[in-house]
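Chains as they are written, first to last, in my numbering: chain A, 1 to 437; chain B, 1 to 437; chain C, 1 to 437. Virtual Cβ for every residue (Gly too), placed ideally from N, Cα, C. Just so we're clear, the structure is a prediction, and the values are computed from it rather than from any experiment.
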Amino acid sequence: MTTVAGRGVDNSSVGQDMYQLMVDLFPICRSITGNGVRETLARISQHVTLEIHEVPSGTKVFDWEVPQEWNVWDAFILDEEGKKVVDFRENNLHLVGYSIPIDECVTLTDLQAHLHSLPEQPDAIPYVTSYYREYWGFCISHSKREGLREGKYRVLIDSELKNGHLTYGEYIIQGKTRQEVFLSTYICHPSMANNELSGPVLATFLAKWIASAPRKYTYRIVFVPETIGSITYLSKNLDVMRNNVICGFNISCVGTDREYSYVPSRYGNTFADKVALNVLKFKHPEFVRYSFLDRGSDERQYCSPGVDLPVVTLCRSKYGAYPEYHTSLDNLDLVTPQGLTGSYELLAECIQLLEGNIKPRIRCYGEPQLGKRGLYPELSAKNSGASVRDMMNLIAYADGSNDLIDISNTIGMPVWELYPIVDRLVRAGLFLNSDCE
Amino acid sequence: MTTVAGRGVDNSSVGQDMYQLMVDLFPICRSITGNGVRETLARISQHVTLEIHEVPSGTKVFDWEVPQEWNVWDAFILDEEGKKVVDFRENNLHLVGYSIPIDECVTLTDLQAHLHSLPEQPDAIPYVTSYYREYWGFCISHSKREGLREGKYRVLIDSELKNGHLTYGEYIIQGKTRQEVFLSTYICHPSMANNELSGPVLATFLAKWIASAPRKYTYRIVFVPETIGSITYLSKNLDVMRNNVICGFNISCVGTDREYSYVPSRYGNTFADKVALNVLKFKHPEFVRYSFLDRGSDERQYCSPGVDLPVVTLCRSKYGAYPEYHTSLDNLDLVTPQGLTGSYELLAECIQLLEGNIKPRIRCYGEPQLGKRGLYPELSAKNSGASVRDMMNLIAYADGSNDLIDISNTIGMPVWELYPIVDRLVRAGLFLNSDCE
Amino acid sequence: MTTVAGRGVDNSSVGQDMYQLMVDLFPICRSITGNGVRETLARISQHVTLEIHEVPSGTKVFDWEVPQEWNVWDAFILDEEGKKVVDFRENNLHLVGYSIPIDECVTLTDLQAHLHSLPEQPDAIPYVTSYYREYWGFCISHSKREGLREGKYRVLIDSELKNGHLTYGEYIIQGKTRQEVFLSTYICHPSMANNELSGPVLATFLAKWIASAPRKYTYRIVFVPETIGSITYLSKNLDVMRNNVICGFNISCVGTDREYSYVPSRYGNTFADKVALNVLKFKHPEFVRYSFLDRGSDERQYCSPGVDLPVVTLCRSKYGAYPEYHTSLDNLDLVTPQGLTGSYELLAECIQLLEGNIKPRIRCYGEPQLGKRGLYPELSAKNSGASVRDMMNLIAYADGSNDLIDISNTIGMPVWELYPIVDRLVRAGLFLNSDCE
């Protein structure tokens, strides 16, 4: 296991811990409301103390309204022999999310109008929801669908749609300043792993690590249902967030051990973009750089006109860009402890960049005399300059107009290799210590 | 025949109409002044009601002075047998423009000093003028010139140079605002087709189309002699034009069915550049993008320092860039109804872009709920997002800082595909109707 | 021999003159202080009247302190037979710069700790100094070093390190304005030719040429020891320089006849960068464009944060980028009169660009009528435009926002080809003469 460069996070077990939490949460049937969300948040609260919020159905949230709460206890399809050909208890993806209750006998023809499958992925159960139109339906593998024989089928959905609440969790870690870093992930997907349990489990352990040390910035970490949840959250917190949030990350699809991916903010020019791009460039230069036109997660809300938060999305295999996406193939085999750890380290590195970012200003005119401070090889020989080159490059751009990320980009060194040099220059009195706090 | 996308211009006959007007105008001997210009403007006035302006010779216009008026009735060269070896009535290009009157017998050697031909295009009669130096001369094909035998020749030019007027036509179409779109073309070239009768005939029918519907902008359309005419026009109208003109097109060489061409404004950064580049990119992505260093038509005046109008030139085969340029080969075979129609549609599309350009601003925070407005498929399945993607992209950049052209460039969709989406969003109350007027 | 384009510098003998001065100065043992510097400056003063400054040891200069003065009279190593195996009088590179005095017998093993050689360049004596740590040492070729036999060696260094002065020369040429052009070169290297006697000899003759005519700008030309000398100079003159210097060139490594090189200022965006890049682009388009990260000469001080002077370094084979660098191979064979002349012309051209730079503004609206001023061929024929194209391009961008360098870059013509056109336009009254003074 690796450690985050330079600032000593011990990640030796975090990959396993994240994976184990995902295993625990996997069977729960989550949706945008309901007891599955509550149970998920309760288990996460065993790791970090979430404040749980319940927002009543019917509450106006921007252009939307909090929908009725949906709960489900059972759902299946019986054939004429009474055999369960589809069973929600076997895989909760079998049920279309927000299906209304039903208990009927239907012909195969009638049933077909309520079945969803993927001919191009015949063994996968697709993930389908119908939040805002009354409907019931089942999702099955296409191969099973093709095996259904003519006849009568009993369909039973023991669900309930009624006024209740939308539930989300919030965790605020107070830092030295009111300026905030915002982390968001979602807890509304049923039994899928990369999209989406990888986000909440990573956010949980990242929050734990953030809380383990004093921080310059305040951290606002939210576990919300996608879209309606982020809109609900924004509708209650937009003013304070617009004032305080300097950088945010939407955390989704962070569990595979495939490529790293970046979805920029609306114009790609926020501090979050700058932080993410710098870390990705040096740690994962082969990362996939998407356009905002490729967005699809809650950055859609956080970067919408009028909201305009500095938020980017960091992923491994991005939603919509891997074949298992939104099917039963997005399961515990697709996500690995190593994949989660890589994402965890990427985000931890971004946070360290944020926390350690300064705009250093060299305290003398001209180059400082490194020699008298023990920073320079006194004997000038043909190649002796090479060893101090990095320090001099850092100093050359430490003119008070560049932060460490700018300097890193300009001189081509990762920020984490600049930290020890900054430390030496502070100790030598060439940088003000106060710049570094 | 095609129609201009999206806004219903019926172009079914306009190509033939433009071509027919060109056939009618072709034989007239035009120059920068004189009765050929008057007759040309009179025939155009049968289609659109031009205001004809007559500016006296000697009038100071910026650094220039309106020259004497030139008219010509006949011109020829007779050989010793009395045979017309060169006859102006056969092709008015045979006479150097602004030739002074003469009736003399000269040797072939003396005559040679007044002959112009193109060795590299031996069958073409070149187009030559001498507006500002007293001179007479004839233009002939190089093959004919090489066949001239030693001997005496009688040269006769029945022309007149005297104080008179420079004539131009102006057509103002009042719109809802005082802001103006400026269209300019020239009517000073004798019998040539692409450069230049294509410009005036296109401008005539474009003006007719513009006048056929209410317009947001006022249109200032001028038919002037090149250089001295545009300078004369500017000297009389510069203040109002600098105040009002938001976009202008110089229309020249628009008749071939070869490539499309674009000559930018002086710095390539005006609204006219933005409009033209957007339309060209989506309609004719293979267009030729020239530099302002390649200019050569009246954009030379409209984009000169101190004048600084937002004007670009749109062409098919650009002046100076096709082999037939400024010769008798630039004739009615080079220009086609199809070629003219393509240019007509390009300019009409630019005008539609101008007229329909708005800076939309979405009226809610976060993404709107499309579903309750019937704008979204309620059933969320693996690929259902694709169909609303375009609408959401438009909304994402409808933040009040981008006009439709900016949004088109950002999201990679032509503006004319955005119009129906804008209409739906206005009807849904998500865009203010007033933004769209 | 060539002449600087357009403005008549006769360089016919300057290459030989510069080379001869280098031959004269070559044997002198220079360092950052001492009599070698004084003698070098004295000989330069035979060409241009330098003001000599002596700054006492111990003087605080920014983060530094003027060191003790070092002088040396003799230094050698004797073997057991009394044979001089290393002799400073044969090549002053044999002695490590600033070596303390010593007279001792040592074993070969002890001696080895004080020897410096280059295994990869076995015939070269390296150049080594130890200004700020007390040390003594000898530099020898690696092949000679490998031939040293076991035994006793007598090492003698007849040097002196004591409070004295740092010496530099300054030459101010008053121009019509207080705005300054700054030229800097260094006189602290012992017997090496490209780095560095080429800089001082070029600066000497360039200064002579500058002083030979009235100048718009004041010229501040300094001959300083590298690093400590430029820092000392800045510490005494920074305020006036920050107010007045508009452009500066650090002159180093200008003697080979290999490539031309350019090291930008810190952000590459000063007037000096603009001047240098324009001249290089047109005169030496194959020049090597380094980054500020490749810096290594006194641009390190002049472009440091807080100093921020508009200074670039122009070289032929740049310090650190040629194999002979900082060895005895950087000798009078490496540098040629032709190489020096090329650099001289490059810098003279930069100065001419500076001196002649104006922001012309055309005095009429629209294009001027060139014809009535004799600037245009009256007979307009197919290709006649080509000959006035350059003049019209210059006029098109003479809008008062561009200087001649901008115009040169935009229209793709060297500035020196613009001068005669500007002159014609001034004579024609189209440009104000006052713009050109």
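Contact between the stretch 138-149 of chain A and the stretch 172-191 of chain A is not established, with fewer than three Cβ pairs separated by less than 8 Å. Residue state for residue 56 of chain A is assigned as strand, using DSSP reduced to three classes. Residues of chain B with a Cβ closer than 9 Å to the Cβ of residue 231 of chain A are, in chain order, 365, 366, 367 and 369. Listed along chain C, the residues sitting closer than 9 Å to residue 372 of chain A by beta-carbon distance are 63, 64, 65 and 132. Against chain C, the beta carbon of residue 238 of chain B has neighbours under 8 Å at 365, listed in chain order.
A direct Cα-Cα distance of roughly 53 Å separates residue 311 of chain A from residue 196 of chain C.
No Cβ of chain B is located within less than 8 Å of the beta carbon of residue 215 of chain A. Scanning chain C for C-beta atoms nearer than 9 Å to the C-beta of residue 55 of chain B yields nothing, as the closest lies near 15 Å away. Going by DSSP, residue 407 of chain A is part of the alpha helix (DSSP H) stretching over 404-411.
Separation of residue 242 of chain A and residue 295 of chain A (C-alpha to C-alpha, rounded to the nearest whole angstrom) is 21 Å.
For residue 102 of chain A, the uninterrupted beta strand (DSSP E) run begins and ends at 102-107, by DSSP.
Just so you know, the alpha carbons of residue 300 of chain A and residue 401 of chain B end up roughly 18 Å apart. In this structure the stretch 129-138 of chain C touches the stretch 104-121 of chain C; the number of beta carbon pairs closer than 8 Å is three or more. Under the three-state reduction of DSSP, residue 142 of chain B is assigned to helix. DSSP, read as helix, strand or coil, puts residue 250 of chain A in strand. Between residue 374 of chain C and the set B:122, B:132 and B:185, the nearest pair of CA atoms involves B:132. Note that the C-beta distance between residue 101 of chain B and residue 158 of chain B is below 8 Å. Classified as buried, residue 416 of chain B has 16 or more neighbouring CB atoms from the shown chains inside 10 Å of its CB.
Interface with chain C (8 Å Cβ-Cβ cutoff): residue 266 of chain B is included.
The C-alpha of residue 119 of chain A is placed about 52 Å away from the C-alpha of residue 336 of chain B. Distance from the CA atom of residue 315 of chain B to the CA atom of residue 261 of chain B, rounded to whole angstroms, is 5 Å. For residue 17 of chain C, the closest Cβ of chain B is not nearer than 8 Å.
In terms of CA proximity to residue 236 of chain C, C:64 leads the group C:343, C:46, C:64 and C:103. B:340 is the residue among B:370, B:31 and B:340 whose C-alpha sits nearest the C-alpha of residue 201 of chain B. The three-state secondary structure of residue 309 of chain B, taken from DSSP, is coil. At a cut-off of 8 Å between beta-carbon atoms, residue 34 of chain B makes no contact with chain C. Of all residues in the stretch 297-309 of chain A, only 300, 301, 304, 305, 306 and 307 place a beta-carbon less than 7 Å from a beta-carbon of chain B.
Rounded to the nearest whole angstrom, the CA to CA distance from residue 286 of chain A to residue 259 of chain A is 8 Å. Short of 8 Å from the beta carbon of residue 23 of chain B, and not among the five residues preceding or following it, lie these beta carbons of its own chain, in chain order: 332. Within the same chain, no residue comes within 8 Å of residue 83 of chain B by CB-CB distance, once the 5 residues on both sides are set aside. Cβ-Cβ separation between residue 204 of chain C and residue 53 of chain C: approximately 17 Å, too far for a contact (criterion under 8 Å). For residue 28 of chain B, same chain residues with a beta-carbon under 7 Å away, outside a window of 5 residues either side, are 36, 39 and 40 in chain order. With a cutoff of 8 Å on beta-carbon distance, residue 72 of chain A and residue 106 of chain A are scored as not near each other. Our two residues, residue 128 of chain A and residue 13 of chain B, have alpha carbons roughly 52 Å apart in a direct line. Collapsing the DSSP output to three states places residue 373 of chain A in a helix.
Between the C-alpha atoms of residue 58 of chain B and residue 98 of chain B there is a straight-line separation of about 16 Å.
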